[in-house]
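Chains as they are written, first to last, in our numbering: chain C, 98 to 396; chain U, 98 to 396; chain B, 98 to 396. The beta carbon of each residue, even a glycine, is placed where N, CA and C say it ideally should be.
Pasting the structure below:
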């Protein structure tokens with residue numbers, strides 16, 4: 098197994114031992130921050146965000162700095178030559194001349210795969226439209242692993258928009274690779290797409306709370322609904338609050354990729370099962386591990 | 098006195114000895130830049146600017162780099178999840194997972210106090226609407242102290258918009274704590290608000306020039322006036338120029354928080370009493386002192 | 098010759114030995130990256146971009162980091178006090194208090210010269226409207242020198258918009274200083290302006306390909322033409338593709354300051370004569386050399 102010099106475009110690009118190695122390194126960086134210091138001294142990471150995503154961008158930048166590296170980049174396409182008609186390929190080739198690794202966020206599915214194919218430096222997918230968001234999936238797996246140890250047999254209820262939610266699409270097969278059990282709790286009309294939902298049991302939110310180890314809640318976007326009433330009904334039916342959590346086992350946890358807009362009520366925040374802010378924080382050691390491995394500087 | 102781990106939301110949060118300690122440290126960093134190097138090695142400061150303020154942001158970033166720290170952040174709210182409906186509280190909690198200290202600029206008075214209340218890392222107020230801007234006040238005090246030594250008995254004329262000017266509201270009580278004497282020179286209809294103006298003598302600009310140690314000039318914003326003529330009259334009546342400065346004592350100085358748009362004429366710039374660019378430059382050592390103290394790395 | 102503390106506003110500001118020294122240093126940094134490490138430790142470069150230019154900004158930022166320096170700055174004027182009516186002079190004076198060197202990009206010809214005149218720290222012109230873009234010219238010269246060794250007698254065909262193209266205006270006199278021979282291949286109505294074109298022979302694209310060492314292609318902007326058909330005709334007549342390159346000598350090269358929008362066909366990219374991505378990459382060592390010399394840290 099050697100991840101040095103590789104790209105990370107989709108979670109499926111990683112063999113099982115590579116996935117494990119990344120999670121192991123993330124754990125060691127989190128437990129021993131000093132062991133990470135200086136690994137990327139003299140290296141430059143470019144964050145090329147063709148659409149804004151402050152959270153993902155800042156966690157990559159924080160990860161780079163924690164390893165001693167430097168960052169260049171842009172946070173939206175407005176200031177780039179894309180506006181002048183430059184192709185993505187040309188932009189990426191130029192950026193690859195300025196940095197040792199390029200993190201790309203694009204509104205267009207498949208764009209990061211194309212970018213990765215044309216440059217020699219490692220390219221990391223930070224989300225490409227309806228495509229993949231592999232580093233988020235790694236963060237999710239890491240968060241569950243830190244809490245439960247092994248994921249084997251853990252029941253993970255996926256709640257909300259399972260049809261358009263990119264996060265969920267990457268998470269389902271990843272869970273299956275770790276022998277965890279995904280369970281679908283879809284908002285009305287927003288079930289798992291064909292090819293992904295086979296073999297995934299469906300249940301309602303209350304049953305999920307009573308029987309699952311993880312409630313993985315996602316945002317239901319208003320624009321998926323034809324009218325405001327249907328949206329509000331769905332939103333309210335899929336709200337996770339402290340009352341619901343009384344049905345959960347004491348070891349069970351609530352996760353959310355954030356941002357949330359009410360799907361998880363504020364009264365959950367102080368409860369020990371609320372793991373979404375820890376999940377966000379885990380973005381840093383996980384992305385540190387990714388950067389260190391792809392740049393050949395892992396422990 | 099221990100500032101390590103504390104927030105800085107309002108100047109009133111600081112005890113007298115804490116205020117003095119910050120100014121002392123700023124002086125030592127300015128006099129001996131090498132003594133500052135490397136103090137924040139491995140630390141990350143997040144500049145979370147929900148409204149643009151290039152000057153304040155860049156002076157914080159410069160201060161961080163002078164101390165050896167790294168910076169992540171954003172320069173306006175456009176690129177953040179706030180647009181997707183995320184609460185300030187959630188955003189700050191996530192940022193606090195990425196950085197060791199968060200500097201917040203907000204258009205909303207009180208927002209930074211709320212932010213500071215919910216996270217464990219230190220939070221610094223870089224201006225919250227009509228609220229406070231404590232680091233500007235520290236820069237102002239530092240600039241006067243560097244010039245005069247003690248502030249005791251110094252007469253500081255506050256010129257222009259004293260009603261809406263946040264800078265002035267923080268400066269008046271701070272001056273009084275140092276036994277300096279604020280004097281009001283308000284533009285028409287823009288006097289000090291109730292609760293702040295008691296005991297502050299009012300005078301006109303010519304008398305102030307003749308009798309004060311500092312002319313602290315602020316911008317009079319056109320939108321405060323009902324018609325353009327009233328604005329222009331006020332603006333012209335409160336313009337500080339070289340001719341006016343002939344009335345000043347040779348030790349007296351002119352300050353301005355900048356940006357200016359004509360309140361201080363360009364013919365003042367070459368005069369030794371013009372201190373506003375030095376005042377801007379002082380933003381760096383003062384903010385270095387703040388960062389070093391709150392992060393427990395002061396000398 | 099001493100470049101320490103100097104500004105770089107126009108290529109004509111540099112004496113011949115200074116130009117050579119910059120190119121020599123760029124070469125040494127490219128050949129021995131370790132020799133560059135740490136030269137700007139503790140230094141801060143401000144990238145003040147009053148109009149967006151991601152490519153130029155990122156290459157300056159990469160250059161700074163490769164030398165161990167830190168960067169502060171902004172990528173467009175939207176977030177600056179310019180919007181509040183602050184003069185360029187005031188903004189630059191403030192920035193000069195925060196950084197050790199200021200890189201300025203402005204939409205206004207002459208603006209950077211004015212900025213350089215008022216502050217003590219070195220100011221570098223990163224393009225000022227129809228004015229100059231000296232660092233691009235240095236990158237162009239460096240790229241030719243790396244390929245050919247001496248430029249003496251080399252024929253450099255300038256293709257496309259020679260009337261408005263700032264890049265070309267700086268390049269013509271620079272080539273003449275190195276005893277290279279510029280040749281004009283203008284798009285219709287877009288010839289070299291008076292005062293620059295004297296003595297420069299004009300030819301067509303096919304002859305240029307057959308007789309020149311360099312095809313330096315520039316973008317023909319649609320807004321220069323009165324109607325779409327004239328634009329399309331010009332664009333198509335000046336497209337450089339693999340078929341045209343068969344006329345070139347085996348040592349000849351194709352350059353382009355990028356971004357391109359079809360002036361150089363994609364089928365040229367894999368050919369050894371395609372030098373435009375290497376040219377972009379050369380932006381880093383050349384700008385490293387500029388920063389190191391102006392900050393007194395050259396080898």
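- With distances taken between CA atoms, residue 244(B) lies nearest to 370(B) out of 387(B), 370(B), 392(B) and 382(B).
- At a cut-off of 8 Å, the C-beta of residue 381(C) has a neighbouring C-beta in chain U.
- A check of alpha carbon separations from residue 241(B) across 224(B), 284(B), 205(B) and 271(B) identifies 271(B) as the nearest.
- Listed along chain B, no residue sits closer than 9 Å to residue 248(U) by beta-carbon distance, the nearest being about 23 Å off.
- According to the DSSP assignment, residue 313(C) belongs to the beta strand (DSSP E) that extends over 311-314.
- Just so you know, the alpha carbons of residue 330(U) and residue 320(U) end up roughly 14 Å apart.
- Between the segment 157-168 of chain U and the segment 134-146 of chain U, the count of C-beta pairs closer than 8 Å reaches three or more; the two stretches touch.
- Going by beta carbons, residue 210(U) and residue 147(U) fall outside the 8 Å limit.
- For the alpha helix (DSSP H) assignment, the uninterrupted runs of no fewer than 4 residues enclosed by the segment 180-209 of chain C are, from N- to C-terminal side, 185-193.
- For the 8 Å CB-CB criterion, residue 288(U) and residue 255(U) do not form a contact.
- For the pair of segments examined, the segment 372-390 of chain U was found not to touch the segment 272-282 of chain U: the number of CB pairs separated by less than 8 Å stays below three.
- Cβ contact annotation for residue 362(C) (same chain, cutoff 8 Å, sequence separation greater than five): 336, 337, 338 and 339, in chain order.
- Taking 9 Å as the Cβ-Cβ cut-off, the segment 330-344 of chain B has no residue approaching chain C.
- Around the beta carbon of residue 247(U), fewer than 16 other beta carbons sit within 10 angstroms, so the residue counts as exposed.
- Chain order gives no chain C residues near residue 157(U), where near means a beta carbon separation below 9 Å; the closest approach is about 16 Å.
- If you look at residue 326(U), you'll find it isn't in any beta strand (DSSP E); it sits in the alpha helix (DSSP H) that goes 325-334.
- For residue 354(B), same chain residues with a beta-carbon under 7 Å away, outside a window of 5 residues either side, are 233, 264 and 315 in chain order.
- Closest in C-alpha terms to residue 333(U), from the list 302(U), 229(U) and 222(U), comes 302(U).
- Excluding its 5 nearest sequence neighbours in each direction, residue 213(U) has C-beta neighbours in its own chain below 7 Å: 104, 106 and 220, listed in chain order.
- Residue contact with chain B for residue 190(C): present (Cβ-Cβ distance below 8 Å to some residue of chain B).
- Sequence-distant partners of residue 195(C) (beyond 5 residues in either direction) whose C-beta falls short of 8 Å from its own C-beta, in its chain, are 141, 143 and 169.
- Annotation: the continuous beta strand (DSSP E) that includes residue 255(B) extends over 252-257.
- The segment 108-116 of chain C makes no contact with the segment 340-347 of chain C: fewer than 3 CB pairs, one atom from each, lie closer than 8 Å.
- In the DSSP assignment, residue 144(B) falls outside any alpha helix (DSSP H) and lies within the beta strand (DSSP E) extending over 141-146.
- Beta-bridge analysis with DSSP links residue 275(C) to no other residue.
- Against chain B, the CB of residue 203(U) has no partner CB under 8 Å away; the residue lies outside that interface.
- The beta-carbon separation of residue 358(C) and residue 372(U), rounded to 48 Å, does not stay under the 8 Å limit for a contact.
- Spanning the alpha carbons of residue 150(U) and residue 157(U) requires a straight line of approximately 11 Å.
- Residue 239(C) carries a helical assignment under DSSP once its states are collapsed to helix, strand and coil.
- For residue 122(U), same chain residues with a beta-carbon under 7 Å away, outside a window of 5 residues either side, are 386, 389, 390, 395 and 396 in chain order.
- Chain U places a beta carbon closer than 8 Å to that of residue 183(B), counting this residue as a contact.
- Pairing residue 108(C) with residue 206(C), the inter-Cα distance amounts to about 15 Å.
- Restricting attention to 324(U), 313(U) and 252(U), the CA atom closest to the CA of residue 298(U) is found in 252(U).
- The Cβ atoms of residue 305(C) and residue 282(C) sit closer than 8 Å to each other.
- Taking 8 Å as the threshold, the shortest C-beta distance from residue 234(U) to chain B does not fall below it.
- For residue 169(C), a Cβ of chain B is located within less than 8 Å of the residue's own Cβ.
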